[in-house]
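Numbering (the working numbering), first residue to last: -17 to 436.
Right under this line is the structure:
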């Protein structure tokens, strides 16, 4: 019907996330009474050669329980990240927006249920849930969240019992919740099996941000950080309230911030950035130090930077990813542990190949999973060994070679005939005076270079 009723259809694609397949139905013909054969209806067959396969998604039901206390409900938009580990120990995650929520959702004493198709994150061990603080009544008191895997009928419970509010509790609107219990409902009515879960504790991290002692090093921009560890990441954390200074991130100051999240394990790197807001946004960051509160493991992770985060300095970047400065003793212990785990995984694979009685299909599946586990453990062990080698290279007393390049200006003055000295100064020590006569090599453009060990 209508003046423009003619339609040329190229193809139809149907995506089935629960099967992990996208089907294509080719057409390439008119559906029109005035074109082609005059048909306005066609039967399309699937193009078997164009079927795209990917990792199938998993159906989850999410039950959100708002607390039954005064003003517990929220009108803000709620979101959630689900973190899990696969059989090889890899951390996986997926993001959820509660777009089907209504005005009646997340109100006092209410149980709201939603259905999602999530990436296969393995066994869930934590969620990060929060809201955008929008709406008249944004404050929210969450009692708990329950995830139900509809394929395995396994439920995972994440207790909370805290405010998500800019004016209540610790004024946080995003929280991480570790799984407290996992159970599977059996085929028999009322039968419940409690499962072992990867239980982790919520801990506090104290983040010390050291601004460099350089002219113009301080910033008035808003600063953010993400910590990454062996058990996932902390999520984006705004560094809003320093416990040491009212005016944050000023020259030669150390600002201390504290936030809570599920234990990240051994920290590996961090990402830090600012939003380039306000007039004095350029910032020279010296380093970031992180420790647990209380520091019962006596570990501090250091992330050296010594760079500008600025749109007008150096490489004009306002975001940096900083690897952790690895301590040789810690790196050696971790490398040894991962090497033992890799060896055990290889032994398990050998025993599996010799085990009789299993069906061919079961054997192939178990072998594939074991081979994946071996590959993962080997990669982790190799990475730990490289980090150990790097840490040993940073150990005081280790000998390093530095290539120095000195560029002489193009001016009409007599050439310098006296000896020139260079002194390198690092965080650990001074390298001492280095003579420019150490193996000088003439380079193009009036530059000369020399090599020295220190």
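Built from N, CA and C at the ideal position, the CB exists for glycine as well.
Mapping DSSP to helix, strand and coil, what is residue i?
i	result
residue 326	helix
residue 129	strand
residue 110	strand
residue 387	strand
residue -17	coil
residue 440	No information on residue 440 is available, as it lies outside the stretch -17 to 436 that the chain covers here.
residue 58	coil
residue 8	strand
residue 215	strand
residue 358	helix
residue 369	helix
residue 32	helix
residue 232	coil
residue 334	helix
residue 320	helix
residue 379	Annotation note: pLDDT 47 at residue 379 (below 50); position unreliable, coordinate value reported separately. In the structure shown, residue 379 sits in coil (DSSP, three-state: anything other than H, G, I, E or B).
residue 93	strand
Taking DSSP's pairing of strands, which residues face residue i in a bridge?
i	result
residue 75	65
residue 184	244
residue 42	98, 131
residue 190	238, 271
residue 207	219, 254
residue 289	267
residue 137	130, 165
residue -7	8
residue 295	BP columns for residue 295 are empty, so no partner.
residue 159	109
residue 48	124
residue 284	271
residue 347	Answer is none; residue 347 lacks a bridge partner.
residue 37	According to DSSP, which records beta bridges pairwise, residue 37 is partnered with nothing at all.
residue 303	253
residue 197	Residue 197 is not bridged to any residue.
residue 144	124
What number of angstroms, rounded off, separates the C-alpha of residue i from the C-alpha of residue j?
i	j	result
residue 247	residue 211	6 Å
residue 2	residue -4	11 Å
residue 72	residue 13	49 Å
residue 6	residue -17	27 Å
residue 274	residue 188	6 Å
residue 221	residue -9	53 Å
residue 378	residue 299	Residue placement at residue 378 is poorly supported in this model, since its pLDDT is 47, which falls under 50; the coordinates are not used for a value here.
residue 291	residue 253	12 Å
residue 27	residue 8	7 Å
residue 232	residue 257	16 Å
residue 52	residue 90	7 Å
residue 137	residue 251	32 Å
residue 413	residue 270	The pLDDT assigned to residue 413 is 49, lower than 50, so where the model puts this residue is not dependable, and the model offers no usable value.
residue 380	residue 371	Unreliable positioning characterises residue 380 in this predicted model, as indicated by a pLDDT of 47, which lies under 50. The coordinate reading is nonetheless provided below. Residue 380 and residue 371: Cα-Cα distance of roughly 12 Å.
residue 82	residue 61	11 Å
residue 114	residue 78	14 Å
residue 410	residue 202	Because the pLDDT at residue 410 is just 49, under 50, the model does not fix this residue reliably, and the value given afterwards should be weighed accordingly. For residue 410 and residue 202, the distance between alpha carbons rounds to 30 Å.
residue 59	residue 282	36 Å
residue 284	residue 131	39 Å
residue 390	residue 404	14 Å
residue 48	residue 244	21 Å
residue 207	residue -11	51 Å
residue 166	residue 42	14 Å
residue 85	residue 55	10 Å
residue 50	residue 88	11 Å
residue 22	residue 11	10 Å
residue 119	residue 296	45 Å
residue 117	residue 37	37 Å
residue 334	residue 349	7 Å
residue 386	residue 301	28 Å
residue 239	residue 294	27 Å
If residue i and residue j are in contact, beta carbons under 8 Å, what's the gap, nearest whole angstrom?
i	j	result
residue 242	residue 186	5 Å
residue 149	residue 121	6 Å
residue 352	residue 331	4 Å
residue 76	residue 44	At roughly 12 Å, the Cβ-Cβ gap does not stay under 8 Å, so residue 76 and residue 44 are not in contact.
residue 237	residue 191	5 Å
residue 209	residue 261	Contact flag wrong, Cβ pair sits at about 29 Å.
residue 366	residue 316	5 Å
residue 363	residue 320	4 Å
Requested in this report: Inspect the CB distances between the stretch 95 to 114 and the stretch 57 to 75 and report whether three or more fall short of 8 Å.
Outcome: yes
Query raised in the report: If you pair each beta-carbon of the stretch 154 to 164 with each one of the stretch 180 to 189, do three or more pairs fall below 8 Å?
Result: yes
Query raised in the report: At a cut of 8 Å, does the stretch 197 to 217 reach the stretch 254 to 271 through at least three beta carbon pairs?
Result: yes
Query raised in the report: Any chance the stretch 89 to 96 sits against the stretch 142 to 150, with 3 or more Cβ pairs inside 8 Å?
Result: no
**Report entry** At least 3 beta-carbon pairs within less than 8 Å: the stretch 124 to 135 vs the stretch 19 to 35
**Finding:** no
Query raised in the report: Is the stretch 213 to 226 close to the stretch 308 to 319, with three or more CB pairs under 8 Å?
Result: no
Query - Stretch pair the stretch 352 to 359 + the stretch 319 to 337: three plus CB contacts closer than 8 Å - result: yes
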